[in-house]
Amino acid sequence: MGNRLPVPQSQMGLGEGRSAVKVCIYGLGAIGGWLAYKLAKAKLPVDVTAIARGRILEAVGDSGISVQDDNRLSTANVKVSGDPALLGEQDIVLLTIKGTALLDVSEHIQPLIGPHTLVVSCMNGIPWWFSQVGPFAQNPIPLPSIDPDGSVAKTIPPSQCLGMLVHASCSVLGAGLVRHHAGNRVVLGDPSDAHSVRVQEVASLLSSTGLDVVVSDEVHAEILYKLWGNLTSGPIAVLTEATLDRQLDCQLVRNFSRQVMDEVSEIARQLGIPLSSLPEEKLRMSRRLGAITPSMLQDSKAGKPLELEAFFGPVRDLARFTSTATPFIDALEGLLRLTSRANSPSSSNTGKPAKETRGSRRVREKYSHGV
1 MGNRLPVPQS
11 QMGLGEGRSA
21 VKVCIYGLGA
31 IGGWLAYKLA
41 KAKLPVDVTA
51 IARGRILEAV
61 GDSGISVQDD
71 NRLSTANVKV
81 SGDPALLGEQ
91 DIVLLTIKGT
101 ALLDVSEHIQ
111 PLIGPHTLVV
121 SCMNGIPWWF
131 SQVGPFAQNP
141 IPLPSIDPDG
151 SVAKTIPPSQ
161 CLGMLVHASC
171 SVLGAGLVRH
181 HAGNRVVLGD
191 PSDAHSVRVQ
201 EVASLLSSTG
211 LDVVVSDEVH
221 AEILYKLWGN
231 LTSGPIAVLT
241 EATLDRQLDC
251 QLVRNFSRQV
261 MDEVSEIARQ
271 LGIPLSSLPE
281 EKLRMSRRLG
291 AITPSMLQDS
301 KAGKPLELEA
311 FFGPVRDLAR
321 FTSTATPFID
331 ALEGLLRLTS
341 RANSPSSSNT
351 GKPAKETRGS
361 RRVREKYSHG
371 V
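Rendered as structure tokens:
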């Protein structure tokens with residue numbers, strides 16, 4: 001996807017005038033925990049902190065973050081807090097949260113963000129800034145499904161955002177314990193200025209941790225390319241409990257996935273973001289990953305809320321804006337929503353809907369979408 005730019009040796013200007021660059025990882029799930037571990041373990045001139053809550057906050061505060069890789073288990077100490085105000089303004093914030101938490105997080109993240117802070121979104125799906133900057137700067141497209149009143153963009157300005165796609169498979173084994181299964185590659189891009197100094201500086205820092213970092217000058221296309229997988233393998237896994245290899249070995253399911261991907265490609269074309277790869281190429285690459293359990297199925301089995309609105313909502317917004325028909329995406333969303341409701345303890349036991357968070361309530365009230 002797009003042109004890949006070289007990552008220079010570390011010449012960071014971030015945090016100039018101080019002894020260390022201040023980096024905060026907001027969210028210590030599988031990917032956030034793994035990235036925090038790598039940053040802390042690299043022994044760079046970086047002040048690594050993290051925001052977490054509950055058992056993860058307690059476990060990491062007491063014992064650090066441990067990562068199991070192959071047969072090795074290693075631990076790194078990371079300063080962790082549940083209150084962003086205690087950590088203060090950062091140079092870089094890696095936002096590694098689930099889409100379901102975005103609205104709530106936006107209400108608390110402000111103390112971390114100063115006028116020069118870079119917020120690197122490492123989230124699945126289409127981010128809140130996607131249609132606000134770069135090719136959309138003059139004519140922004142609202143995404144009411146994930147930012148119904150524009151409050152996220154006000155708190156986390158799109159002009160201060162970078163996009164990062166993590167191509168790695170990780171899972172949470174316990175509080176503060178992450179299993180790294182495969183992959184070490186991240187794609188980084190600046191949606192406002194593809195050739196900016198700031199994206200090169202962040203890429204240089206991340207590369208110093210041992211990550212395989214690629215800088216792309218077409219981060220919008222990179223996001224839609226990864227969405228091909230997020231929008232197919234995860235939802236299909238929840239519906240079937242099939243690992244990625246089993247999904248793609250079934251020709252009927254493979255054909256369905258291709259139809260979903262074709263609809264995303266048409267939305268991208270209408271927006272002026274053509275995808276250089278073909279769906280079948282992506283499917284072949286995905287099949288080579290083997291028996292991967294998508295994170296959405298991991299969340300489903302753990303009883304966690306699924307990122308339904310984060311995955312499907314912005315696609316729906318953009319499809320409506322471009323007048324693109326999406327019957328296959330709509331069918332997949334409907335099946336997944338019904339499955340999610342059927343498996344919800346509060347729905348199945350009491351007949352009542354699951355308790356809403358403040359964020360999900362704001363989305364529902366602003367942008368109702370029935371099934």
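Residues 1 to 371, numbered by the UniProt record's numbering, are exactly what the sequence shown covers, in order. Every residue, glycine too, gets a C-beta built ideally from N, C-alpha and C. This structure is a prediction, so every number in the text was calculated from the model and none was measured.
Going along the chain, which residues of its own chain have a beta-carbon closer than 7 Å to the beta-carbon of L57, five neighbours each way excluded?
In the sequence shown, the residue the question calls residue 57 occupies position 57. Closer than 7 Å at Cβ, skipping near neighbours: V80, G82.
Span separating the alpha-carbon of L95 from that of V105:
Along the sequence shown, read from residue 1 onward, the residue named residue 95 stands at position 95. Along the sequence shown, read from residue 1 onward, the residue named residue 105 stands at position 105. Approximately 10 Å between the Cα atoms of the pair.
I'd like to check one pair, E307 with G125: are the Cβ atoms closer than 8 Å?
Position 125 of the sequence shown holds residue 125. Position 307 of the sequence shown holds residue 307. Closer than 8 Å, so yes.
Taking the beta carbon of Q9 as the centre, do at least 16 other beta carbons fall within 10 Å, making it buried, or is it exposed?
Taking the sequence shown and counting its residues from 1, the one referred to as residue 9 is at position 9. With a pLDDT of 49 at Q9, under the threshold of 50, the modelled position of this residue cannot be trusted, and the question is left open.
Grab me the residues of P305's own chain with a C-beta within less than 6 Å of its C-beta, minus the 5 sequence neighbours each way, in chain order.
Translated into positions along the sequence shown, residue 305 becomes position 305. T100, listed in sequence order.
When you compare the CB positions of L248 and R287, do they come within less than 8 Å of one another, or not?
Position 248 of the sequence shown holds residue 248. Position 287 of the sequence shown holds residue 287. The answer is yes: Cβ separation under 8 Å.
Using the three-state DSSP reduction, which class does Q90 fall into: helix, strand or coil?
Taking the first residue of the sequence shown as position 1, residue 90 is located at position 90. Q90 falls in the coil class under three-state DSSP.
Please state whether DSSP places H220 in a helix, a strand or coil.
To locate residue 220, count along the sequence shown from 1; it is residue 220. Helix at H220.
Would P294 and S340 qualify as a contact pair, given that the criterion is a beta-carbon distance under 8 Å?
For this step, residue 294 is matched to residue 294 along the sequence shown. For this step, residue 340 is matched to residue 340 along the sequence shown. No, Cβ-Cβ distance for P294 and S340 is not below 8 Å.
Three-state class that DSSP yields for N230 in the structure shown:
Here residue 230 corresponds to residue number 230 of the sequence shown, with the count starting at 1. Helix, per DSSP.
By the three-class DSSP mapping on this structure, what secondary structure does M123 have?
What you label residue 123 is simply residue 123 of the sequence shown in a count that begins at 1. Looking at M123 - three-state DSSP - the assignment turns out to be coil, as it is neither helix nor strand.
Over the uninterrupted alpha helix (DSSP H) stretch that includes L271, give me the two end residues.
Residue numbering aside, residue 271 sits at position 271 when the sequence shown is read from its first letter. In the DSSP assignment, L271 falls within the alpha helix (DSSP H) that extends over 251-271.
Beta carbon of T324, beta carbon of Q270: below 8 Å?
Here residue 324 corresponds to residue number 324 of the sequence shown, with the count starting at 1. Here residue 270 corresponds to residue number 270 of the sequence shown, with the count starting at 1. Yes; because the gap between Cβ atoms is below 8 Å, this pair is in contact.
If you scan the stretch 167-199 from start to end, which runs of the beta strand (DSSP E) of 3 or more residues do you find wholly inside it?
Listed in chain order, the complete beta strand (DSSP E) runs (minimum 3 residues) inside the stretch 167-199 are 177-189.
I want to know whether the stretch 216-223 touches the stretch 182-194 - three or more CB-CB distances under 8 Å.
yes
Under 8 Å between the Cβ atoms of H220 and G134?
Mapped onto the sequence shown, residue 220 falls at position 220. Mapped onto the sequence shown, residue 134 falls at position 134. Yes, the Cβ-Cβ distance between H220 and G134 is below 8 Å.
Excluding sequence positions up to five away, which residues of its chain have a Cβ less than 7 Å from the Cβ of R55?
Within the sequence shown, the letter at position 55 stands for residue 55. So the qualifying residues of the chain are A175.
Any idea what DSSP makes of V23, helix, strand or coil?
Reading the sequence shown from its first residue, position 23 is the one you call residue 23. Annotated three-state conformation of V23 is strand, per DSSP.
Between the beta-carbon of A291 and the beta-carbon of T243, is there less than 8 Å?
The sequence position of residue 291 within the sequence shown is 291, counting from 1. The sequence position of residue 243 within the sequence shown is 243, counting from 1. Yes.
So what does DSSP say about R53, is it helix, strand or coil?
As a working mapping, residue 53 is identified with position 53 in the sequence shown. Coil at R53, not helix or strand.
Pull up the distance between the alpha-carbon of S277 and that of N230, whole angstroms please.
The residue given as residue 277 occupies position 277 in the sequence shown. The residue given as residue 230 occupies position 230 in the sequence shown. Rounded to whole angstroms, S277 to N230 spans 16 Å at the Cα level.
When the Cα of N255 is compared with those of G334, S131, R284, S74, which residue comes out closest?
Residue 255 sits at position 255 when you count from the first residue of the sequence shown. Here the closest residue by C-alpha is R284.
Separation of V93 from V120, as counted between CA atoms:
Taking the sequence shown and counting its residues from 1, the one referred to as residue 120 is at position 120. Taking the sequence shown and counting its residues from 1, the one referred to as residue 93 is at position 93. Taking the straight line joining both Cα atoms gives about 6 Å.
Below 8 Å between beta carbons: does that hold for V199 and L336?
Locating residue 199 in the sequence shown gives position 199, where the first residue counts as 1. Locating residue 336 in the sequence shown gives position 336, where the first residue counts as 1. Contact flag unset, no.
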